[in-house]
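Participant: Each residue of the first sequence is one higher than the one before, counting from 9 in my numbering.
Beta carbons are placed, not taken as given, at the ideal position from N, Cα and C, and that holds for glycine.
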Amino acid sequence: MTTQPARTRIAPSPTGHMHLGTARVALYDYLLAKKTGGQFILRIEDTDLKRTVPGAEQEIMDGLRWLGLQYDEGPDVGGPYGPYRQTERREIYQHYAKVLVEKGQAYPCFCTPERLDQVRQEQMKRKENPHYDGTCRILAPDEAARRIANGEPYTIRFKMPQEGVTVAHDHLRGDITTENKQLNDQVILKTDGLPTYHLAAIVDDHEMKITHVLRGSEWLGTFPLHVNIVRAFGWDEPAWIHLSVFLKPSGKGKMSKRETAQAMKDGYSIFIKDMQELGFTPEGVLNWGALMGWGVPEGDVMTVPQMIERFTIDSLTPSPAAINFQKLDHFNATHIRLFSTGDLAARLKPYFTREGLNVREDVLLKMIPLIRERLTTLDDCIDFGAFFFKDEVTPNTEDLIAKGLDAKQLAEIAKRAYEILSSLPQIDHVTAEPPMRAYVQSSGFSANQVFGILRVAVTGQKVSPPLFESMEIIGRDVCLKRIARAVEMLEQG
RNA sequence: GCCCCCAUCGUCUAGUGGACUAGGACGCGGCCCUUUCAAGGCCACGACCGGGGUUCGAAUCCCCGUGGGGGCACCA
9 MTTQPARTRI APSPTGHMHL GTARVALYDY LLAKKTGGQF ILRIEDTDLK
59 RTVPGAEQEI MDGLRWLGLQ YDEGPDVGGP YGPYRQTERR EIYQHYAKVL
109 VEKGQAYPCF CTPERLDQVR QEQMKRKENP HYDGTCRILA PDEAARRIAN
159 GEPYTIRFKM PQEGVTVAHD HLRGDITTEN KQLNDQVILK TDGLPTYHLA
209 AIVDDHEMKI THVLRGSEWL GTFPLHVNIV RAFGWDEPAW IHLSVFLKPS
259 GKGKMSKRET AQAMKDGYSI FIKDMQELGF TPEGVLNWGA LMGWGVPEGD
309 VMTVPQMIER FTIDSLTPSP AAINFQKLDH FNATHIRLFS TGDLAARLKP
359 YFTREGLNVR EDVLLKMIPL IRERLTTLDD CIDFGAFFFK DEVTPNTEDL
409 IAKGLDAKQL AEIAKRAYEI LSSLPQIDHV TAEPPMRAYV QSSGFSANQV
459 FGILRVAVTG QKVSPPLFES MEIIGRDVCL KRIARAVEML EQG
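(1) Can the beta-carbon of R484 be found less than 9 Å from the beta-carbon of L408?
(2) Taking 8 Å as the cut-off, does the region 294-307 touch the region 351-360 (at least 3 CB pairs, one atom from each stretch)?
(3) Using beta-carbon positions only, say whether A105 and L28 come within less than 9 Å of one another.
(4) By Cβ distance below 6 Å, which residues in the same chain neighbour Y36 in space, the five residues on each side in sequence not counted?
(5) Starting from the C-beta of G45, find all residues in its chain whose C-beta is less than 6 Å away, skip the five residues before and the five after it, and write them out in chain order.
(6) Spatial neighbours of N366 within its chain, please: CB distance less than 7 Å, with the 5 preceding and 5 following residues excluded, ordered by chain position.
(7) Give the DSSP-derived three-state secondary structure of A455 in the structure shown.
(8) Can you tell me which of the three DSSP states L356 falls into?
(9) Quick check: what's the CA-CA separation for F254 versus I18?
(10) Taking Cβ positions, are A152 and P116 nearer each other than 9 Å?
(11) Which word fits G292, buried or exposed, when buried means at least 16 other C-beta atoms lie within 10 angstroms of its C-beta?
(12) Who pairs with G82 in a beta bridge, going by DSSP?
(13) Please classify H234 as buried or exposed, where buried requires at least 16 other C-beta atoms within 10 Å of its C-beta.
(14) Would you list the residues sitting across from G182 in a DSSP beta bridge?
(15) At 4 residues or longer, what runs of the alpha helix (DSSP H) sit wholly inside the region 62-139?
(16) Grab me the residues of T16's own chain with a C-beta within less than 6 Å of its C-beta, minus the 5 sequence neighbours each way, in chain order.
(17) Strictly by DSSP, which residues pair up with E187?
(18) Compare the beta carbon distance of L498 and L418 with 9 Å and say whether it is the shorter of the two.
(19) How about the region 314-330 and the region 59-69: do they share at least three Cβ pairs that are nearer than 8 Å?
(20) Using DSSP's beta-bridge definition, name the partner residues of G224.
(21) Taking DSSP's pairing of strands, which residues face A329 in a bridge?
(22) Counting pairs of beta carbons, one from the region 91-100 and one from the region 197-214, are three or more of them closer than 8 Å?
(23) Could you tell me whether the region 69-87 touches the region 228-245, using the rule of 3 or more Cβ pairs below 8 Å?
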């Protein structure tokens, strides 16, 4: 286990919404950095101009902040190894590409995309592996120089060894051995002068003194390439950790558009921004994500500080994990129950406000203990507690009708309840419950029937927080007014 | 097609040759509590992919299958 301060980075490309996968890698990066007293860095990998989408970078930064994974260095906070946006580091990559060419480890390539495509087609037709055919690898240097001077567009390709094997070491998976003949001369600098991921990431990780590279296992295929590039420069390698990928809930394959849409329909999402809006908490999301790919023996409900305490790279798991949204619900609800009343009040208030409700601070603080353990997501507070902030509630007549009772009986119950409660100087669970229970006893009706009618009358809904505690918060006058109205409704209907 | 990775309850996982009658969590089922809905408590169901080795002994090490995943771009 590392005791030296680790410098870790999350290096997303701003090509779409920030998703769960990015959040999880960022979490592990963050945990490792904090645990070792190191730094966590955000680097934006925006070298693919065609795929860059406006606003995506901001969404990543917002997402990380919402999650509480504040980076020590990044595009908007700066740092000693900036800039932290790859399009602003163009010259650095060009310099290093040139270094590689001079060392004989890379070469200019003038093949056009059209020719490359044609070569690939032919190779596939012959059932060969698609690979670069090496046309420009054997070009004489002066010939290449002449064509460059001529203004011919060119890329730089990395010259992979063609014999022997490459052994790359991954901390979770051990040595990964690849025959070099399987490898192929990849483009590291594009015609537009920007690097591909292969060059950019390696150069930046070195320049930014990254000690641990955590990334998805989709990078395993290019892993040998990357270590070859590092070695060509003669640099020390970071520790490589290839995390498992997330599978769709069925466990068959990665999340596709289809599953993503289905999740949204069910009230879930793999996008951080959506999760926030759906009422999930950073604590819940992080705890959930952390455990997909990290095993703890027991006590799996953890806050970030507790995760920092317990985190080790060695306890990460290499196998793919199916997304399980029910588990997200569980962790979210569990963390909501752990929040203090004041904390939860601050988190809930926006949801009430969003509904156009006028939130009285004192009422908010009083109702939270009543609804806290009933919430799965924060927005559930509307279902359970909106009535606390409404001037009037409008019960459905049919909700008012308790099973097995006729209209006369219903009206009688409501009326009697009104009489009992209106005789009290104040209504709370201490004063109101005993006489109401006594009435249930003497009336022959069930508690379920009597309290059911009262619940609907007072809260306007069949499911609510505890009745008498709720009435206490609503207040005597309002309660009586609402019960009176119910009596009216029942007598009419 | 080729290459690489992975493999314990339905799902996430613990397990690093004997403490395994394989532990925990989610979900599911039941019971208790209960004015609704939750929460909480208790109980149950439920897995080492298959076959060969190695070893006194294998979930754990090796090999071969099988299954699953990922990759084979001037995308990351």
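Facilitator: Looking at the coordinates:
(1) No.
(2) Short answer: they don't touch.
(3) Between A105 and L28, the CB-CB gap reaches or exceeds 9 Å.
(4) Once the five neighbours on either side are set aside, the close Cβ partners of Y36 are L222.
(5) These residues qualify, in order along the chain: P13.
(6) Counting only residues of its own chain and dropping the five nearest sequence neighbours on each side, N366 has a CB closer than 7 Å to the CB of F397.
(7) For A455, the three-state secondary structure derived from DSSP is helix.
(8) Looking at L356 - three-state DSSP - the assignment turns out to be helix.
(9) Roughly 17 Å between the two C-alpha positions.
(10) At a Cβ-Cβ threshold of 9 Å, A152 and P116 count as neighbours.
(11) By the neighbour-count rule (16 or more Cβ atoms within 10 Å), G292 is buried.
(12) In the DSSP assignment, the residues bridged to G82 are G86.
(13) Under this definition H234 is a buried residue.
(14) Its beta-bridge partners are D178.
(15) Within the region 62-139, the complete alpha helix (DSSP H) runs of at least 4 residues are 64-75, 98-110 and 121-133.
(16) If we look at T16 and ignore the five residues flanking it on each side, its Cβ neighbours are D37, L40, A41, F48 and H220.
(17) Paired residue(s): V173.
(18) Yes, the Cβ-Cβ distance between L498 and L418 is below 9 Å.
(19) Fewer than three Cβ pairs drawn from the region 314-330 and the region 59-69 lie within less than 8 Å of each other, which leaves the two stretches out of contact.
(20) G224 is bridged to L251.
(21) Bridge partners of A329: F254.
(22) Output reads yes: the region 197-214 touches the region 91-100.
(23) Too few Cβ pairs lie closer than 8 Å, so no.
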